[in-house]
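Working notes, structure below.
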Amino acid sequence: MPGWRWAPFIPLWSKEWILPFAVAGLFIPNLRRYLAFWRYESELNQLVVRANREIERIGLAYLTSGEALSARVRGREEALPVPKSEKRLAERLHYFDRREEILGRATHRVIQALNIQTSDGYAVVADVTLLYSITDPVRIARDFGWGSLYVDTFAINTFRNGVLATLGKINAESFYNGAVRVAAVKEAEGFLRQRFAERGFKVERLLLRNYKYAENYERSLQEKKVAVQLAKKNQMESLVNEEKAKLKQIESSGNAAITIAESGVSAQIAKVRAEANLYSSQVRAKADTELNVAVAEAKRLKVDALTRAGGRYVVALEIAKMFNNIEGAAMTPEQYIAFIRNAWAVIGVSPCPAGGKR
Numbered sequence: 006m007p008g009w010r011w012a013p014f015i016p017l018w019s020k021e022w023i024l025p026f027a028v029a030g031l032f033i034p035n036l037r038r039y040l041a042f043w044r045y046e047s048e049l050n051q052l053v054v055r056a057n058r059e060i061e062r063i064g065l066a067y068l069t070s071g072e073a074l075s076a077r078v079r080g081r082e083e084a085l086p087v088p089k090s091e092k093r094l095a096e097r098l099h100y101f102d103r104r105e106e107i108l109g110r111a112t113h114r115v116i117q118a119l120n121i122q123t124s125d126g127y128a129v130v131a132d133v134t135l136l137y138s139i140t141d142p143v144r145i146a147r148d149f150g151w152g153s154l155y156v157d158t159f160a161i162n163t164f165r166n167g168v169l170a171t172l173g174k175i176n177a178e179s180f181y182n183g184a185v186r187v188a189a190v191k192e193a194e195g196f197l198r199q200r201f202a203e204r205g206f207k208v209e210r211l212l213l214r215n216y217k218y219a220e221n222y223e224r225s226l227q228e229k230k231v232a233v234q235l236a237k238k239n240q241m242e243s244l245v246n247e248e249k250a251k252l253k254q255i256e257s258s259g260n261a262a263i264t265i266a267e268s269g270v271s272a273q274i275a276k277v278r279a280e281a282n283l284y285s286s287q288v289r290a291k292a293d294t295e296l297n298v299a300v301a302e303a304k305r306l307k308v309d310a311l312t313r314a315g316g317r318y319v320v321a322l323e324i325a326k327m328f329n330n331i332e333g334a335a336m337t338p339e340q341y342i343a344f345i346r347n348a349w350a351v352i353g354v355s356p357c358p359a360g361g362k363r
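Heads up: the sequence shown begins at 6 in the working numbering, then just goes up one per residue.
Right, dumping it as structure tokens:
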């Protein structure tokens, strides 16, 4: 047989390797499969590296709710300014085409607005946008398969449940409070970032773009705000009235004090005037008394002087002077009355008034 021609040339020591070669022969049919798997894994790693580079270069995918509330949010690359030249426009169009080729339009998803049930039982319709990117494509492909199946099976549900669970902790009125609303959005963003990171994604931003209350709550909230403002207005008016009452009380107290002070001053003035009048009356009475005494003393002295020895001549001389004023042999009644009065004046006797008694 032809095979026996090479048998004498096989060394005896090589017969010990017949068994290992026989065992290795069992795996030779799978060797091609192992080589193909190694080449596939190498190409897959290269594809992952290229995909990561393209994803980082091109931009993010977004998941937004509430298309009916406001305009649709664009990706990061769509926020760039519009180019002015045709060359730049062509480059930009190629850019978007390349992006759609790699990421796919299905990665951007718009769902219905989220109906958030708040802690006080009211519903708030919110328009929320989630910006996320892929960090581990191999894991995503292994867990969810190729394509955009991960958006429907994971991203949308996790996004909806996370937002409803976190923003539902606050009450409806707290949406008007900027600090509380921003803190709740930050909490929801942290929760989604943790959940997405566990599955090979990276959450960039969570944006609360718009929110709208239910009509009944909007009406009740408006009535409540009006009632609160009306109560505040009434409170302010009551404070104003209290201040006005205090002002009137102070004014009345001031007027009373002024009246009392004026009364005291008037009393002091009246007292001073009374004392002045009393003193003036006393001084005048004393002066009149002294004057009357002096006049009486003068009359007495004059009468005494006229009653003495030389007084007769003085009286006769004065009477003779009075006769010088009489014209004619007889005196008229007026001349007689004047003569008598002058005579009385000479002797120091005062005439009695008409109808009086001497």
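Quick reminder that beta carbons are idealized off the backbone N, C-alpha and C, glycines included.
Item: Among the residues of its own chain, which have a CB less than 7 Å from the CB of glutamate 72, if the five just before and after it don't count?; Value: Note that glutamate 72 scores a pLDDT of 48, beneath 50, so its modelled location is shaky and nothing firm can be said.
Item: What is the residue span of the beta strand (DSSP E) that lysine 365 lies within?; Value: This structure leaves residue 365 out entirely; the chain is present only between 6 and 363.
Item: Straight-line CA distance for serine 225 to asparagine 215?; Value: 20 Å
Item: For serine 47, is the classification buried or exposed, using 16 other Cβ atoms within 10 angstroms of its Cβ as the cut-off for buried?; Value: exposed
Item: Leaving out five residues on either side along the sequence, give the residues of the same chain with a beta carbon under 8 Å from the beta carbon of arginine 198.; Value: Lys207 and Val208
Item: Identify the continuous beta strand (DSSP E) that holds asparagine 120 and give its terminal residues.; Value: 119-122
Item: Does any heavy atom of the ligand MN sit closer than 7 Å to the C-beta of serine 225?; Value: By its list of ligands, the structure shown contains no ligand whatsoever, and the ligand MN lies outside what it can speak to.
Item: Determine the DSSP secondary structure at aspartate 132, reduced to helix, strand or coil.; Value: strand
Item: Between asparagine 176 and aspartate 125, what straight-line distance do the alpha-carbon atoms span, to the nearest angstrom?; Value: 5 Å
Item: Locate the alpha helix (DSSP H) running through valine 190, then write down its first and last residues.; Value: 183-202
Item: Could you tell me whether the Cβ atoms of valine 133 and valine 187 are closer together than 8 Å?; Value: no
Item: Extract the residue ranges of the alpha helix (DSSP H) inside the segment 244-328, only unbroken runs of 4 or more that lie entirely within it.; Value: 316-328
Item: Can you give me the C-alpha to C-alpha distance between alanine 266 and glutamate 280, rounded to a whole angstrom?; Value: 21 Å
Item: With DSSP collapsed to three states, give me the class of serine 138.; Value: strand
Item: DSSP on isoleucine 342, reduced to helix/strand/coil?; Value: helix
Item: Compare the beta carbon distance of threonine 171 and alanine 193 with 8 Å and say whether it is the shorter of the two.; Value: yes
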